Amino acid sequence: MHAPGAFAPAFGLRHPGLQATLASRRPAKRAWRRLGIDLDAISSAHVLDCRGGVRLTGRFAPAPASIASRGLVVLIHGWEGSHDSSYVYSMAAQLHRAGYATFRLNLRDHGGTHHLNEAMFHSGRMDEVLDAVGAAHALAPEGPLLVIGFSLGGNFALRVGLQGPARGVYPRLAVGVSPSINPEATLHGIDGGPALFRWYFMDKWRRTLEAKRSAWPHYDFSGFRGVRGFVEMTRRFVADFTEYDSYEDYLAQYTLSPGMLMQSPTPLAVITARDDSVIPIRDFEGLCVRGSMLAYELTDRGGHCGFIENWRFDSWAERRVLDLLARV
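Under this note's numbering, think of the first position of the sequence shown as 713, with each following residue one higher.
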């Protein structure tokens, strides 16, 4: 569903860099507490046991006691995000207010969990995410399962829709917000985009490598010193720390085409912006509302995972997701 003009940010909020920054930096917790919702107070921490001894964590918040639960929504953060990222927290609070139970999942080596699993995170680790989503659903099995992801988490969410039914995981809907469906294009987009973005992502990667080495001292990341580009860093990472034969084989594991999405066994939805400097809009050429694609929202503005519409920092994407969930 292409709805041009549906998202119209207030004057002063149109720059894509500002939109992307506000997605992660807006004071979501404080804003929701003023409205009487404190997810930290009502949620509980969980460690989910996945196959092969893998453990993933997250926070579960039941639906409000005064409202019949409308189902469970599993939320998946972007790369180097966590259950506590502003965009995840705010979406979860919005869903809680609407009557949904929520589970904010941490991917491996995210949210301070570098110590839980010895092997490193990479984007091909789909089996454990499917196990975790199934385990999270067991916490609130009385309603439908829904999945929402952002950026790389959007890729994971769409893959839950694509691959879940074959593994006994049946989402009613999977939504990708600014999803990275063509990882090679995303890597080149970061390298060729604003220098501040590239520095930001590289700095976060180096920090997580240091956290992993602190937890597991046998790791040696000295080969990454002096690397300044995301493409080159990914090539070295794949060669040294994954089971894939090549950089190309690795990227192929999580590259999604519009054709694949429209033929999904699960209904899917995508929300993305033309001015996203991280996710090239050409990745979505040919995508339309057909087959399993319940909705395709392509806005002119919004940046990367932004969609902040006013100076109260309200999110248009949150309202749009609620509309989509109501439809299913």
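Just so it is clear, CB atoms sit at the ideal spot from N, CA and C, and this is done for glycine as well.
As the structure is a prediction and not an experimental result, all values here were calculated from the model.
So, is residue i buried or exposed, given that buried needs 16 or more other C-beta atoms within 10 angstroms?
{"i": "Asn-1022", "result": "exposed"}
{"i": "Trp-963", "result": "Checking the sequence, you will find Leu at residue 963 rather than Trp. The residue in question, Leu-963, is buried, as its Cβ has 16 or more Cβ neighbours within 10 Å."}
{"i": "Cys-762", "result": "buried"}
{"i": "Asp-995", "result": "buried"}
{"i": "Asp-988", "result": "buried"}
{"i": "Asp-1035", "result": "exposed"}
{"i": "Leu-747", "result": "exposed"}
{"i": "Phe-723", "result": "exposed"}
{"i": "Arg-871", "result": "buried"}
{"i": "Pro-929", "result": "exposed"}
{"i": "Ser-756", "result": "exposed"}
{"i": "Arg-742", "result": "exposed"}
{"i": "Gly-765", "result": "exposed"}
{"i": "Gly-1014", "result": "buried"}
{"i": "Gly-880", "result": "exposed"}
{"i": "Ala-813", "result": "buried"}
{"i": "Arg-1039", "result": "exposed"}
{"i": "Ala-777", "result": "exposed"}
Check each candidate in the options and name the one with the smallest Cα separation from residue i.
{"i": "Trp-1028", "options": "Ile-993, Phe-996, Ser-989, Ile-983", "result": "Ile-983"}
{"i": "Asp-932", "options": "Ala-740, Met-832, Arg-782", "result": "Met-832"}
{"i": "Glu-840", "options": "Met-1005, Pro-739, Phe-868, Gly-824", "result": "Phe-868"}
{"i": "Leu-857", "options": "Glu-896, Phe-953, Val-845", "result": "Val-845"}
{"i": "Leu-734", "options": "Arg-1024, Leu-1036, Leu-1034", "result": "Arg-1024"}
{"i": "Met-838", "options": "Ala-850, Ala-813, Gly-865", "result": "Gly-865"}
{"i": "Val-990", "options": "Gly-880, Leu-828, Ala-897, Pro-970", "result": "Ala-897"}
{"i": "Thr-967", "options": "Leu-817, Ala-813, Pro-891", "result": "Pro-891"}
{"i": "Gly-998", "options": "Leu-807, His-1016, Gln-975", "result": "Gln-975"}
{"i": "Trp-791", "options": "Arg-820, Phe-815, Ala-773", "result": "Arg-820"}
{"i": "Gly-861", "options": "Asn-894, Gly-811, His-822, Val-800", "result": "Val-800"}
{"i": "Arg-940", "options": "Arg-910, Ser-934, Leu-725, Lys-924", "result": "Arg-910"}
{"i": "Leu-725", "options": "Asp-1026, Ile-754, Leu-899", "result": "Asp-1026"}
{"i": "Leu-1113", "options": "Pro-774, Val-785, Ala-1007, Leu-730", "result": "Since the first residue of the chain shown is 713 and the last is 1040, residue 1113 is not available in this structure."}
{"i": "Arg-745", "options": "Gly-765, Arg-771, His-808, His-795", "result": "His-808"}
{"i": "Ala-775", "options": "Gln-731, Gly-855, Pro-970, Arg-742", "result": "Gly-855"}
{"i": "Leu-1037", "options": "Pro-895, Arg-771, Leu-817, Ser-781", "result": "Ser-781"}
{"i": "Gly-971", "options": "Tyr-812, Val-1033, Ile-893", "result": "Ile-893"}
{"i": "Arg-767", "options": "Arg-1032, Gly-811, Leu-828", "result": "Leu-828"}
{"i": "Ser-969", "options": "Val-785, Ala-813, Pro-895, Gly-880", "result": "Pro-895"}
{"i": "Lys-924", "options": "Pro-721, Arg-816, His-822, Arg-1032", "result": "His-822"}
Can you give me the C-alpha to C-alpha distance between residue i and residue j, rounded to a whole angstrom?
{"i": "Phe-1019", "j": "His-826", "result": "31 Å"}
{"i": "Trp-835", "j": "Ile-779", "result": "It should be pointed out that residue 835 corresponds to Ser in this sequence rather than to Trp. The alpha-carbon atoms of Ser-835 and Ile-779 are separated by roughly 37 Å."}
{"i": "Phe-942", "j": "Phe-913", "result": "8 Å"}
{"i": "Ala-878", "j": "Gly-938", "result": "43 Å"}
{"i": "Pro-739", "j": "Leu-751", "result": "14 Å"}
{"i": "Gln-965", "j": "Leu-787", "result": "21 Å"}
{"i": "Leu-842", "j": "Ser-926", "result": "28 Å"}
{"i": "Gln-875", "j": "Thr-946", "result": "25 Å"}
{"i": "Gly-783", "j": "Pro-853", "result": "8 Å"}
{"i": "His-849", "j": "Gly-793", "result": "22 Å"}
{"i": "Arg-806", "j": "Ser-797", "result": "Looking at the sequence shown, residue 806 is not Arg but Gln. Those two C-alpha atoms are separated by around 14 Å."}
{"i": "Cys-1017", "j": "Glu-830", "result": "30 Å"}
{"i": "Leu-936", "j": "Glu-960", "result": "One point to set straight first is that residue 936 is Phe, not Leu, in the sequence displayed. Their backbone Cα atoms lie some 19 Å apart in a straight line."}
{"i": "Val-759", "j": "Val-859", "result": "19 Å"}
{"i": "Thr-769", "j": "Gly-824", "result": "10 Å"}
{"i": "Ile-754", "j": "Arg-986", "result": "37 Å"}
{"i": "Arg-737", "j": "His-795", "result": "14 Å"}
{"i": "Pro-992", "j": "Gln-731", "result": "16 Å"}
{"i": "Asn-818", "j": "Ser-802", "result": "16 Å"}
{"i": "Tyr-707", "j": "Leu-851", "result": "Shown here, the chain extends from 713 to 1040; a query on residue 707 therefore has no answer."}
{"i": "Ser-958", "j": "Arg-948", "result": "10 Å"}
{"i": "Leu-899", "j": "Ser-863", "result": "12 Å"}
{"i": "Phe-719", "j": "His-727", "result": "14 Å"}
{"i": "Gly-811", "j": "Glu-1009", "result": "24 Å"}
{"i": "Ile-1030", "j": "Phe-772", "result": "Note on residue identity: the sequence assigns Glu, not Ile, to residue 1030. C-alpha separation (whole angstroms): 19 Å."}
{"i": "Ala-804", "j": "Val-785", "result": "8 Å"}
{"i": "Glu-922", "j": "Ala-847", "result": "30 Å"}
{"i": "Thr-1011", "j": "Ser-934", "result": "42 Å"}
State the beta-bridge partners of residue i as determined by DSSP.
{"i": "Tyr-1008", "result": "Val-982"}
{"i": "Phe-815", "result": "Phe-772, Val-786"}
{"i": "Ile-860", "result": "Leu-787, Val-887"}
{"i": "Arg-767", "result": "Asp-761"}
{"i": "Ser-1027", "result": "Ile-1020"}
{"i": "Ser-756", "result": "Phe-772"}
Below 8 Å, is the gap between the Cβ of residue i and the nearest heavy atom of the ligand FMN?
{"i": "Phe-913", "result": "The ligand FMN is absent from the structure shown, which contains no ligands of any kind."}
Next item on the list: Specify whether the segment 878-887 and the segment 903-921 touch according to this definition: at least 3 beta carbon pairs, one from each stretch, less than 8 Å apart.
Entry: No, they do not touch.
Item checked: At least 3 beta-carbon pairs within less than 8 Å: the segment 949-959 vs the segment 972-992 -> When C-beta atoms of the segment 949-959 are compared with those of the segment 972-992, fewer than three pairs fall below 8 Å, so the two segments do not count as touching.
Checklist line | Touch test, the segment 901-913 against the segment 1002-1010, Cβ-Cβ under 8 Å, three pairs minimum | finding: These segments do not touch.
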